[in-house]
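Report on the following structure.
Protein chains in written order, with our numbering: chain A, 689 to 1254; chain B, 28 to 915.
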């Protein structure tokens, strides 16, 4: 008899299929048409137990229990009144962590729990984007920030939640062009849609040498070209999971200029011929998600998005999706896992999202700030943008200055601007004449500079030479009220709380580093600390685990901590 | 692609990983989160290797590229660090787990990693020992997720997930509570893949090393899983699926994997029993064998047909061969049958009439090439779990699935189309599907022309089966029927699998034949393409028992009793005449007993009182028969009704071969010695023969197989030594140099004219009908945790998984009857009564109820009728009219 005719692609007689390495839960949902993408929404909106939600969706209970126990928003106990208190770097630097105990006392419930009567609960979160005015909390979706946080929440003093101060120190405002009134939204996309070509948009962004502003610094145009090498349908995700404590640039853009985010996304979709765009917003920014949804409605009504978007003849549908409380969701593969309804853990790469991303489609993930530069670049041409910044790192960056500064706020600066200019001239130094002890730049994956390091230019290359990184350009100032040990523990607290747990070096290392930071210095402990830093840096699956050791080392250098091997 | 591994050039195929390249160089890496059968996680980071110019990369997930240079030895330190990092998150005792059950311990020993200093002690998370078999120690979990992927990608249950995040990440059941209350089906795949012992089982919780390992074949259902039995002091520590098992590929189920506790049950019979003054009393082997020999000698000398033997589908081929030889050569009667009569006799008859041979047409491995599966009247997820898993995985990989079953089984829930015919209407449905194939131009006319006969006759009949009429008969919506036919008809390589829902009917053989028509119409069997027609055989060796000639009309290897040449071949080897007339089938044996004609009935390893239909009549037969001999492990209801009982060995205690559902001969080897006083069926037959002054020959199982090979051309090339050397062989295997025949009918069918015979069989109504007095239809079948009469599984911790029989009732019927879940229900049929607890479920259609027969107290088979398949005598188990009343 002849061999049976070939079955479907991938069918192999010995059972080794052409490996589809997708998560099995995703494959299950895809094959049997079960809406696994609804899991997060159901967990957010329903009080039902995970197993019950799974039954409703026709999914195995495990498909819901996994994400339900992973994301902080779902696993945290919830009362009728749910208060999220920031414990991250800038709020810590503002109040030394005392605000948490004060809020607990004011509300009569401990962090991570719900009062016996179910009326109130407190969840510790890491950054609400109020770093310029910490300490901060969200009561439901309402922000409270600044001195007397506990009293505000108790209602005994008036609520304050100041807007983000915005400045531009660049020769021209690029991402702040709309915020500072230099350019109304949607002034570029209609022209491109009418007469432009995808290659033209891509070419301009390429000529601009625009790099990702989310931390990794990958060239945007290269990412777009990589996606174009794979067959449609393609997807572009605007990454609004700005988790780096100290940075609130994306919150500013999403809340105050959401149309620019959408316009940048529309241009990116056009360039990579994607019909679907997604804006992923962290749940700690509820106002940003609401503003984006409003903007989306307006943009659709105006015809900028939708079928035949802006008369381009192509369909462009954009969706706003909210996160559920996980720093690592900012990593692009973890972000995609979350969007697909899975646990928000990191995937091994390759395959890279540009080849195999959301639901297997070629997917470009660009940070919000990156996308916000695109309309300006398309309008003014790549060379105009490339003329800004340094030779290797073109353009501007939106630096966020923390509450300790005299003039905290978001400053658009050229890359390469000396840190000293930002800290002293723009920020005005520390408020109240306090003494600067350390700057944390680029969040937990960035690093620390000492007062003697201020002449370093704000560029990734220069910062790297000092053991730091540009990251998302958050700049948190620590004055001399805190010891290096305190700052270090805050950093390890963050790492231990936010490690996704997918890879062993980080899963164990983040916990162990925190535990070892509480031990007294001795040679054996130092050796163990060295093991943790070495294995995390060498072996972790994503930048989180690989970069935390560098941040720890630079902190140890700046504070002269002896017990942590360089 | 060519790569350099430690300076050695290796070549790997496209799609290979660095791990493949490293292995190609003959080197090994620790791969704690990796299992070749599963998707890649790359999370443990212990397989990191240095790639020149790139730095460390996880070998398991990094694609190989031409020209890459990989340093393995030189990068040992990074892997040691990665192992150390994992161990640092575990309690020190993690490395006390014996190396025979901990990959982590083995790798740490290899890399010189020891327990951490203990300056940072991980928080304790405790154990979950709620489940009888799967034992979780969270503190040993390294969150590698292999268990989660094994449950999803091998078993297909999706019961597990990693829960929590960061250092708190640990495996847990998806239902959140204790493991025992989860979706876990106790297949053991998670335990088998766990690299640390975090998931373990009762027999491995003590830290004594394994002493001996024995490779054997599972003795539960007919899938034929290869098992690796680990023992210590003649006790089983664990039974693990063999990774290279040709059918199971390293997978097993709750029965084969865990249900071996019955071996040590206090209820094991350890001495023969003889009925004296109405009660069974212990006797010596000498007494019992002598007593039986004397009685049988008298029958042999006066009227050999007064003896009948029910051989065992649970016993080895060699025992079945010896049993039929005992009946034929020693007693001089063809009154020998086996329980295939009760399940797949219609398959043997129907498949032989259609294609030429009475077995499944294709090897199970062809499943991996098929793009559509038609599953009819079978619930393999429960009854053939490894087959169920592999079908499910194939469907996950994209093959279409059509299920024909009145019940909403697990696979039906995942089917692209589920047809739910009223029980007893299969023939109408299959004819309706054939009608649509013909109408839609989906028949392979070239194939029909070249390889079949009877197409014109079939076409004539099919005119009577348009979908609308079939809908009227079966209740299957016409649209669904059309969609199903088109799905099967448009597939490039469709396969048919079916079970007892097709055969156990008044017109079961017609069911098999009309189902086989579909494969022929599509050219999806034999010389055509596709996955053929494959019965899922119920018992470990039900195929083999028939193969060995434990049938009243067939000699070993399906040679007809009526064929003088075949008789002569046997007579020469046996040095005894072979009786010329076919003997009695099982139901005829009972009837002969009730009629006073049968003087002695020997039942080997079957509990006919529990598993044969219409138990009242069976009991009458046993009572009427002057001598009933029974071989069993336990005092089954049948044994209790016997006059002589021989205590015999179980499958884990004996040597021989089984033939699985796709005609695969596989070795069975004793993993433990039987309890003192217990003998194999093989030895019992020899002992009685010896006391009758006869020598059956075949001193050992290997010699029995050799003699069978000599008399049965189909098995001419089968021998123990060859199976030991080469592994499983599919029959036909005619000579020592034949590789066996996984796929039948390569060039032509095995009928005399070489053509497959399409069957024009009309739909005829079933034997049982509902009426006002008996308004519900009872379907019987198996549940996953138990096996047939339950005599083995009820004597294991499977009882903690399912403690009693239930009656599955739909929510609407339950409401109408005022039943709540767990309420007792009285069932009455035209044949008997039973009481069961209600289980309310959407698995059954309104008007239908379902029960299994694993618990003798439930007496489900007192309800079933004596209606039989008109061709083969197979009982109509699958439908009985019943009435229900709540006892609450």
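For every residue, glycine included, the Cβ atom is placed at its ideal position computed from N, Cα and C.
Go ahead and label residue 2 of chain B buried or exposed: buried means 16 or more other beta carbons lie within 10 angstroms of its beta carbon, across all protein chains shown.
-> Only positions 28 to 915 of chain B appear in the structure, and residue 2 of chain B is not among them; the question remains open.
Closest residue to residue 415 of chain B among B:226, B:322, B:563, B:79 (Cα-Cα distance) = Of the candidates B:226, B:322, B:563, B:79, the residue whose Cα lies closest to the Cα of residue 415 of chain B is B:563.
Spell out whether any CB of chain B is found under 8 Å from the CB atom of residue 705 of chain A.
-> Bear in mind that the predicted position of residue 705 of chain A carries a pLDDT of just 41, short of 50, making it unreliable; the figure below should be weighed with that in mind. Yes, because at least one Cβ of chain B sits closer than 8 Å to the Cβ of residue 705 of chain A.
Contact set between the region 1180-1210 of chain A and chain B, restricted to residues whose Cβ is under 8 Å from the partner | 1184, 1185, 1186, 1187, 1188, 1189, 1190, 1191, 1192, 1193, 1195, 1196, 1197, 1198, 1199, 1200, 1203, 1204, 1207
Taking DSSP as the reference, what is the three-state secondary structure of residue 237 of chain B?
-> Taken through DSSP and simplified to helix, strand or coil, residue 237 of chain B comes out as coil.
Determine whether the Cβ of residue 1229 of chain A lies closer than 8 Å to any Cβ atom of chain B.
-> yes
Could you check where the alpha helix (DSSP H) with residue 715 of chain A kicks off and where it finishes?
-> Per DSSP, residue 715 of chain A belongs to the alpha helix (DSSP H) from 712-720.
Could you tell me whether the Cβ atoms of residue 679 of chain B and residue 246 of chain B are closer together than 8 Å?
-> yes
Proximal residues to residue 717 of chain A (C-beta, below 6 Å), its chain only, five neighbours per side dropped | 724
Supposed close pair residue 791 of chain A, residue 1086 of chain A - CB separation, criterion 8 Å | Going by Cβ atoms, the distance from residue 791 of chain A to residue 1086 of chain A rounds to 30 Å, so no, they are not a contact pair.
C-alpha gap between residue 849 of chain A and residue 822 of chain A, whole angstroms | One C-alpha to the other measures close to 10 Å.
Could you list which residues in chain B have their beta carbon closer than 7 Å to that of residue 754 of chain A, in chain order?
-> 188, 189, 190
Give me the Cα-Cα distance between residue 606 of chain B and residue 668 of chain B, rounded to the nearest whole angstrom.
-> 30 Å
Nearest to residue 1190 of chain A by CA position, among A:834, A:754, A:994, is which residue?
-> A:754
Less than 8 Å separating the beta-carbons of residue 806 of chain B and residue 1227 of chain A?
-> no
Thinking C-beta only, is residue 1144 of chain A closer than 8 Å to residue 1298 of chain A?
-> No statement about residue 1298 of chain A is possible, as the shown extent of chain A runs from 689 to 1254 and does not include it.
Opening and closing residue of the beta strand (DSSP E) in which residue 561 of chain B lies | 559-562
Does any C-beta atom of chain B lie closer than 8 Å to the C-beta of residue 932 of chain A?
-> Answer no: the Cβ-Cβ gap between residue 932 of chain A and chain B never drops below 8 Å.
By DSSP, does residue 689 of chain A sit in helix, in strand, or in coil?
-> Unreliable placement is indicated for residue 689 of chain A, whose pLDDT of 31 sits below 50; the coordinate value is still reported in the next sentence. Note: residue 689 of chain A maps to coil in three-state DSSP.
Residue 466 of chain B versus B:487, B:278, B:357, residue with shortest Cα-Cα distance | B:487
Kindly list the residues whose CB is nearer than 8 Å to the CB of residue 263 of chain B, restricted to its own chain and excluding five residues on each side of it in sequence; keep chain order.
-> Excluding sequence positions up to five before and after residue 263 of chain B, its CB lies within less than 8 Å of the CB of 230, 256, 257, 287, 290, 679, 698, 699, all in the same chain and listed in chain order.
Within chain A, partners of residue 441 of chain B - CB distance below 7 Å | 720
Within-8 Å CB hit, residue 196 of chain B to chain A = Under the Cβ criterion of 8 Å, residue 196 of chain B is counted among the residues facing chain A.
Beta carbon proximity, residue 210 of chain B to chain A, threshold 8 Å = At a cut-off of 8 Å between beta-carbon atoms, residue 210 of chain B makes contact with chain A.
What residue from B:240, B:250, B:168, B:191 has the CA that sits closest to residue 220 of chain B's CA?
-> B:168
Answer yes or no: do residue 209 of chain B and residue 202 of chain B have a C-beta to C-beta separation smaller than 8 Å?
-> yes
How would you label residue 881 of chain B, buried or exposed, when you count the other beta carbons within 10 angstroms and need 16 or more for buried?
-> buried
Residue 706 of chain A, buried or exposed, once every other Cβ within 10 Å from all chains shown has been counted against 16 = Low per-residue confidence applies at residue 706 of chain A: pLDDT is 49, beneath 50, and the placement is therefore not dependable enough to give any value.
Would you say the region 761-781 of chain B touches the region 741-752 of chain B, given that touching needs at least three Cβ pairs under 8 Å?
-> yes
Per-residue contacts from residue 762 of chain A into chain B (C-beta, under 9 Å) = Residues of chain B passing the Cβ test: none, with the nearest at roughly 11 Å.
Specify, as a first and last residue, the run of the beta strand (DSSP E) that residue 907 of chain B falls within.
-> 907-913
With a threshold of 16 other CB atoms inside 10 Å of the CB of residue 151 of chain B, please say whether the residue is buried or exposed.
-> exposed
Alpha-carbon to alpha-carbon, residue 760 of chain A and residue 393 of chain B = 46 Å
Below 9 Å between beta carbons is the criterion; list the residues of the region 712-737 of chain A that meet it against any residue of chain B, in chain order.
-> 712, 713, 715, 716, 719, 720, 737
Is the CB of residue 243 of chain B under 8 Å away from at least one CB in chain A?
-> Judged by the 8 Å Cβ criterion, residue 243 of chain B is not in contact with chain A.
Where the alpha helix (DSSP H) containing residue 944 of chain A begins and where it ends | 937-944
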